[in-house]
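Shown next, in structure tokens, is the structure this report addresses.
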Amino acid sequence: MVEKSIVKRAEELRDQLNKYSYEYYVKDSPSVEDFVYDSLYQELVDIENKHPELVTEDSPTQRVGGRVLEGFEKVVHDVPLYSLNDVFNKEDIIAFDKRVQKALGQQVSYTCELKIDGLSVSLRYENGKLVQGATRGDGTVGEDITENLKTVRSIPLSLKKSITIEARGECYMPKKSFVRLNQDREEKGQDVFANPRNAAAGSLRQLDSKITAKRNLSTFLYSVADTASLKSSSQFDALQELEDLGFQTNQERKLCHSIDEVWDYIEEFQEKRGDLSYEIDGVVIKVNNFKQQENLGYTVKAPRWAIAYKFPPEEAQTIIRDIQWTV
Ligand SMILES: NC(=O)c1cc2c(=O)c3cc(F)ccc3oc2nc1N
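Be aware that the sequence shown starts at 172, since it is given in the numbering used here, and climbs by one per residue.
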């Protein structure tokens, strides 16, 4: 039987370390220096080595797994992860708005979000604890990459409320990490990744999660499998609710009350795209109200209540800008 004081100390350390990790990786505002985190982490490792029975699923020491997998198990998504229909110009945005207004016969507000160029992932929590992480796969069957996703520091191992929920979002590699990784690979004579999205996908497909742990991946969560698992009745509120649960959400979201506002948002981020610390390939426009989303429903492959506006590929955009200058 382990002394009460040691059990208590281990619990204190776990909570403190998870709080520091949340501040650093999710809020991007650490409250302590790295050496404070490292010494508390080492103290917890020492206690857990002496008393393995004190190790819990959500201990920060459990983020980097030990074993190398033979392969990935399949995961069936009870609620499919659909893909989005893409549009490429303002006329199609207006047509989308007209279709939605006609179908609903009501006023509609839209939540606009940046379209993160990463990998869709689904995170299942039971009583607030992370139990499974999976890729989108073909939307119905994905791969179990729990071990790898646990190494992504911005993914909480336990939520701020002990609820059962399946969150969905994008796992991505920040631009700086992508450049550093390719420099490192070049020096070692290894193939470089074409873009951050491929680098993130390659990092999440590692059978050895110790490699994934070094790739500095991050996440932006943007929805849940079943909106009934949330208190919110709209997409915009749901993003705040996900943030309050401890997830990282993208702060550039905007609630728009007209398609003109949507277009302004698109133009704003077509300009700002190069300044972001992560790659985006467009903007996702969603009917905000969940009841209205339900009324609109889905086609075989995509929701009728959301559309993805795709930016021209980055190099093309630079060319366009240069042409404008020469005219
Ligand atoms: N890459 C993204 O940043 C992003 C992607 C999607 C989706 O793929 C997506 C797919 C659906 F069927 C419904 C809503 C969605 O919302 C989304 N929202 C986002 N912000």
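All C-beta atoms, glycine included, are put in the ideal place defined by N, C-alpha and C.
The structure presented is a predicted model; accordingly, all values stated were derived computationally and were not measured.
### Message
Taking 9 Å as the threshold (C-beta atoms), are C342 and Y436 in contact?
### Response
Taking the sequence shown and counting its residues from 1, the one referred to as residue 436 is at position 265. Taking the sequence shown and counting its residues from 1, the one referred to as residue 342 is at position 171. Y436 places its beta carbon 9 Å or farther from that of C342.
#### Entry: Host alpha helix (DSSP H) of T383 (start-end)
Taking the sequence shown and counting its residues from 1, the one referred to as residue 383 is at position 212. T383 -> alpha helix (DSSP H) spans S380 to A384.
#### Entry: Start and end residues, beta strand (DSSP E) containing I451
Against the sequence shown, residue 451 aligns to sequence position 280. In the DSSP annotation of this structure, the continuous segment of the beta strand (DSSP E) that includes I451 starts and ends at I451 to V458.
### Task
Note the first and the last residue of the continuous alpha helix (DSSP H) segment covering E194.
For the purposes of this step, residue 194 is taken as residue 23 along the sequence shown, with counting starting at 1. E194 -> alpha helix (DSSP H) spans K175 to Y196.
### Task
Can you give me the Cβ contacts of N298 inside the same chain, cut-off strictly under 8 Å, excluding the 5 residues immediately before and after it?
For the purposes of this step, residue 298 is taken as residue 127 along the sequence shown, with counting starting at 1. Contacts found: S333, I334 and T335.
### Message
For the stretch 396-407 against the stretch 446-465, do three or more pairs of beta-carbon atoms, one drawn from each stretch, fall closer than 8 Å, so that the two count as touching?
### Response
Yes: at least three Cβ pairs fall under 8 Å.
#### Entry: Supposed contact pair L184 and G228 - C-beta distance, whole angstroms, cut 8 Å
Counted from its first residue, the sequence shown places residue 228 at position 57. Counted from its first residue, the sequence shown places residue 184 at position 13. In the sequence on display, residue 228 carries Glu and not Gly. About 15 Å separates the two Cβ atoms, so there is no contact after all.
#### Entry: Proximity winner among I177, H428, Q419 and E182, relative to Q278 (alpha-carbon distances)
The sequence position of residue 278 within the sequence shown is 107, counting from 1. Each of I177, H428, Q419 and E182 was checked against the Cα of Q278, and the nearest Cα belongs to H428.
### Query
When you compare each of D362, D452, Q411 and R444 to R368 by their alpha carbons, which one comes out closest?
As a first step, residue 368 must be located in the sequence shown, where it is residue number 197. Minimum Cα-Cα distance from R368 among the listed residues D362, D452, Q411 and R444 corresponds to D452.
#### Entry: CA nearest to the CA of V239, picked from L416, D379 and N387
Sequence index remark: in the sequence shown, residue 239 carries index 68 (1-based). Among L416, D379 and N387, the Cα nearest to that of V239 belongs to D379.
### Contact the stretch 235-251 vs the stretch 219-226: 3+ CB pairs below 8 Å
In short, these stretches do not touch, since the Cβ pair count stays below three.
### Task
Classify V498 as helix, strand or coil using the three-state DSSP reduction.
Sequence index remark: in the sequence shown, residue 498 carries index 327 (1-based). Caution is warranted here: a pLDDT of 45 is assigned to V498, below 50, making its placement in the model unreliable, and the coordinate value is therefore given only provisionally. Coil at V498, not helix or strand.
### Message
Measuring straight from C-alpha to C-alpha, what distance separates E318 and N421?
### Response
For this step, residue 318 is matched to residue 147 along the sequence shown. For this step, residue 421 is matched to residue 250 along the sequence shown. Approximately 24 Å, taken between the alpha carbons.
### Cα-Cα separation, P483 to V207
Here the question's residue 483 lines up with position 312 in the sequence shown. Here the question's residue 207 lines up with position 36 in the sequence shown. Here the alpha carbon of P483 sits roughly 45 Å from the alpha carbon of V207.
### Whole-Å CB distance - Y502 paired with R339, under 8 Å assumed
The structure shown does not extend to residue 502, since the chain is modelled only from 172 to 498, so the question has no answer here.
### Query
Can you list, in chain order, the stretches of the beta strand (DSSP E) that have 3 or more residues and sit fully within the stretch 190-274?
Those beta strand (DSSP E) runs which fall completely within the stretch 190-274 and span 3+ residues are 245-247.
### Message
Here's the rule I'm using: 16 or more other beta-carbon atoms within 10 Å means buried, otherwise exposed. How should T390 be labelled?
### Response
To locate residue 390, count along the sequence shown from 1; it is residue 219. A residue is called buried once 16 or more other Cβ atoms fall within 10 Å of its Cβ, and T390 is buried on that count.
### Message
Which residue marks the beginning of the alpha helix (DSSP H) containing E430, and which one marks its end?
### Response
To locate residue 430, count along the sequence shown from 1; it is residue 259. A small fix is needed here, since residue 430 is Ile in this sequence, not Glu. Unbroken alpha helix (DSSP H) run through I430: I430 to K443.
### Task
Kindly list the residues whose CB is nearer than 8 Å to the CB of L375, restricted to its own chain and excluding five residues on each side of it in sequence; keep chain order.
Taking the first residue of the sequence shown as 1, we reach residue 375 at position 204. Around L375: L290, V292, T306, I316, N319, L320, C342, T383 and L388.
### Task
Locate the beta strand (DSSP E) running through V471, then write down its first and last residues.
Mapped onto the sequence shown, residue 471 falls at position 300. Neither: V471 is in no beta strand (DSSP E) and is coded neither H nor E.
### Query
From this set, K190, G304, I264 and L188, which residue's C-alpha is nearest K245's C-alpha?
By 1-based counting over the sequence shown, the position of residue 245 is 74. When each option's Cα is compared against that of K245, the closest is G304.
### Task
Ignore the nearest five residues each way along the sequence and tell me which others in G202's own chain have a CB closer than 6 Å to its CB.
Counting from 1 along the sequence shown, the entry for residue 202 is found at position 31. First, the amino acid is wrong: residue 202 is Ser here, not Gly. So the list reads E194, once near-sequence residues are dropped.
### Message
From the DSSP secondary-structure annotation, give me the bridge partner or partners of K311.
### Response
What you label residue 311 is simply residue 140 of the sequence shown in a count that begins at 1. Reading off the sequence shown, one finds Thr at residue 311, where the question assumed Lys. Answer is none; T311 lacks a bridge partner.
#### Entry: Pick from E204, S329, R234 and M344 that is closest to Y449, judged by C-alpha positions
Counting from one through the sequence shown, the residue named residue 449 turns up at place 278. With distances taken between Cα atoms, Y449 lies closest to M344.
### Message
If I measure Cβ to Cβ from L410 and keep anything under 6 Å in the same chain, skipping five residues before and after, which residues do I get?
### Response
The residue given as residue 410 occupies position 239 in the sequence shown. Closer than 6 Å at the Cβ level, and outside the excluded window around L410, lie T420 and R424.
### Query
Since L127 and K331 are thought to touch, with beta carbons under 8 Å apart, how far apart are those beta carbons, to the nearest angstrom?
With the chain covering 172 to 498 only, the question about residue 127 has no answer from this structure.
### Message
For V455 and P327, I'd like the C-alpha separation in whole angstroms.
### Response
Numbered from 1 along the sequence shown, position 284 holds the residue referred to as residue 455. Numbered from 1 along the sequence shown, position 156 holds the residue referred to as residue 327. Those two C-alpha atoms are separated by around 25 Å.
### Query
Looking at C-alpha atoms only, which residue of A477, K472 and Q354 is the closest neighbour of N460?
By 1-based counting over the sequence shown, the position of residue 460 is 289. Taking only the C-alpha atoms, the option nearest N460 is A477.
### Query
Roughly how many whole angstroms lie between the Cα atoms of D446 and E174?
As a first step, residue 446 must be located in the sequence shown, where it is residue number 275. As a first step, residue 174 must be located in the sequence shown, where it is residue number 3. Here the alpha carbons of E174 and D446 stand approximately 53 Å from one another.
### Task
Would you mind reading off the limits of the beta strand (DSSP E) that contains F391?
The residue labelled residue 391 in the question sits at position 220 within the sequence shown. Its beta strand (DSSP E) spans residues S389 to V395.
### Task
Just mark Y281 as buried or exposed, buried being the case when its beta carbon has 16 or more other beta carbons within 10 Å.
Against the sequence shown, residue 281 aligns to sequence position 110. Counting other Cβ atoms within 10 Å of its Cβ, Y281 reaches 16 or more and is therefore classed as buried.
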